[in-house]
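**Student:** Can you read through this structure? Questions will come right after.
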Amino acid sequence: MLIFANAVWGARCGESARRVLHGGTRSRGHAYSVRRRRESAWTRQAPHGLPSSRLVSTILIDEWFSRQVQPCLRGPSTLVRFCDDFVMLFAHEDDAQRVLAVLGKRLGKFGLELHPEKTRLVDFRPKRGPHNGEEATLPTTFNFLGFSHVWGTSLKGNTVVRQFTAKDRLARSLKAINQQCRKMRHWPLEVQHPRLCQMLSGHYGYFGISGNSRRLAALHYRVRRLWRKWLSRRSWRSNLTWRWYERLLERFAIPSPRIIHRYTVS
Numbered sequence: 000m001l002i003f004a005n006a007v008w009g010a011r012c013g014e015s016a017r018r019v020l021h022g023g024t025r026s027r028g029h030a031y032s033v034r035r036r037r038e039s040a041w042t043r044q045a046p047h048g049l050p051s052s053r054l055v056s057t058i059l060i061d062e063w064f065s066r067q068v069q070p071c072l073r074g075p076s077t078l079v080r081f082c083d084d085f086v087m088l089f090a091h092e093d094d095a096q097r098v099l100a101v102l103g104k105r106l107g108k109f110g111l112e113l114h115p116e117k118t119r120l121v122d123f124r125p126k127r128g129p130h131n132g133e134e135a136t137l138p139t140t141f142n143f144l145g146f147s148h149v150w151g152t153s154l155k156g157n158t159v160v161r162q163f164t165a166k167d168r169l170a171r172s173l174k175a176i177n178q179q180c181r182k183m184r185h186w187p188l189e190v191q192h193p194r195l196c197q198m199l200s201g202h203y204g205y206f207g208i209s210g211n212s213r214r215l216a217a218l219h220y221r222v223r224r225l226w227r228k229w230l231s232r233r234s235w236r237s238n239l240t241w242r243w244y245e246r247l248l249e250r251f252a253i254p255s256p257r258i259i260h261r262y263t264v265s
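Residues in the sequence shown are numbered from 0 upward in steps of one, following numbering that gives the first Met the number 0.
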């Protein structure tokens, strides 16, 4: 059961955790010691999913939370984890405070520590008016895995949680595309176009979820202008007008934004 709780907090382990959670193993399959900081598979760009990665991430967070933490809580809770990033959701603030107090000790047993800047306690509730002497609360947001989670309203008028592309991730994508267009501005168009389409398709494949069409459309609009900008700078005499650029796009069309992952909200 998915619970939109009163308190949500995210954490990211430090460098030592990243070494272990990304599968730091020897060629013979033995896990490297994190405390000794030996060379690990992290330096060799080892993919996540090795046996040691699954073992440490499961025992460190998942099993501990389900077997030891949840039975002691006053209300319902859940855990969402991706590699070394995770969010815990609680129905009661006191439960979140108790877990936050012991989480650092739990990681300390493995020689790890919480990221001081990315670990926080968030009161994630929709806007509420004053009730029983309590002050009115404003809706809060938090970022997780490149998405900004905000409170919204469904077509039926129900209060739901929406996900949009985080502003910093959108800016980072535009920066990468801008640098790529600048780098390949002298390449033939038959080579530039597939590369640009590949970058956009990768962005749509990750951020193309229901309710995120505006951020996708904003990226598409900016990419059209960026490509024309660098095509107009192929030489000092190059000046690609919008009329000619529109004709060029008829042959080398930029992929339109589309929703890949659809879900319905009642």
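Quick reminder that beta carbons are idealized off the backbone N, C-alpha and C, glycines included.
Report the CB separation of HIS185 from GLN162 in whole angstroms; it is logged as a contact under 8 Å.
**Tutor:** Incorrect: roughly 39 Å between the Cβ atoms, too far for contact.
**Student:** Let me know if VAL86 comes out buried or exposed under the rule of 16 or more other beta-carbons within 10 Å of its beta-carbon.
**Tutor:** buried
**Student:** Give the range of the alpha helix (DSSP H) segment to which VAL222 is assigned.
**Tutor:** 212-230
**Student:** Between which two residues does the beta strand (DSSP E) containing PHE163 stretch?
**Tutor:** 158-164
**Student:** In terms of residues, what are the limits of the alpha helix (DSSP H) holding TRP243?
**Tutor:** 241-250
**Student:** Can you list, in chain order, the residues of its chain with a C-beta nearer than 8 Å to that of SER255? Leave out the 5 residues immediately preceding and following it.
**Tutor:** HIS219
**Student:** Using a threshold of 8 Å, state whether the C-beta atoms of LEU120 and LEU99 are closer than that.
**Tutor:** Yes, Cβ-Cβ distance for LEU120 and LEU99 is below 8 Å.
**Student:** Identify the residues that DSSP records as bridge partners of GLY151: which are they?
**Tutor:** VAL159
**Student:** Rounded to the nearest angstrom, what separates PRO187 and ARG224 at their Cα positions?
**Tutor:** 18 Å
**Student:** Of the residues LEU59, CYS82, VAL79, ALA95, which one's Cα is nearest the Cα of CYS71?
**Tutor:** ALA95
**Student:** How is the beta strand (DSSP E) around PRO86 delimited, first residue to last?
**Tutor:** It is Val, not Pro, that sits at residue 86 in the sequence shown. Its beta strand (DSSP E) spans residues 84-89.
**Student:** So, are the CB atoms of GLY207 and LEU215 less than 8 Å apart?
**Tutor:** yes
**Student:** Report the three-state DSSP secondary structure of LEU72 (helix, strand or coil).
**Tutor:** coil
**Student:** Check each candidate in LEU88, HIS114, ASN177 and name the one with the smallest Cα separation from ARG124.
**Tutor:** LEU88
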